[in-house]
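This report refers to the structure that appears directly beneath it.
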Amino acid sequence: MKKILILAVMALSFATYAQVDPTFEKEGDMVKATYFHANGEVSQQGYFLNERLEGEWKMFNVKGDKIAIGNYENGVKSGKWLFWEGDVKKEVNFDNNRIASVTNAKTKEPVAVNK
């Protein structure tokens, strides 16, 4: 009996360890998706429309700190995205899923420009 109890506890702990399945919720025509890190913190959250990324998406590190926010149009990165690397916030402008420019959001100085 003791062995069965130990096996049951071990099986339960293995079954629940690092299994954090994404969630999908229908909101009108769109589906809100939430993905998780193995520790249970949200890793990404955003929307799908017709099975393509659409609208605002947010990304988080394993501690739950926001590391990126931006928009998708028809599954393609579009417009201004913000990325955080520690205390530095970068503004990245996308044009048809390609990086058009990168600036330091605080100083507005260009970091990179794609010509």
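The sequence shown begins at 484 in my numbering and counts up one residue at a time. Here a beta-carbon is modelled for each residue, glycine too, at the ideal position from N, C-alpha and C.
Burial state of Glu508, where buried means 16 or more other Cβ atoms lie within 10 Å: Exposed: under 16 other Cβ atoms inside 10 Å.
Inter-residue Cα distance where the pair is Leu565 and Pro593: Leu565 and Pro593: Cα-Cα distance of roughly 14 Å.
What does DSSP give as the partner residues of Ile582 in its beta bridges? The partner list for Ile582 (beta bridge, DSSP) reads Phe577.
Distance, Glu568 Cα to Asn576 Cα: Spanning the alpha carbons of Asn576 and Glu568 requires a straight line of approximately 17 Å.
From the DSSP secondary-structure annotation, give me the bridge partner or partners of Thr517. As DSSP reads the structure, Thr517 sits in a beta bridge with Thr506 and Gln528.
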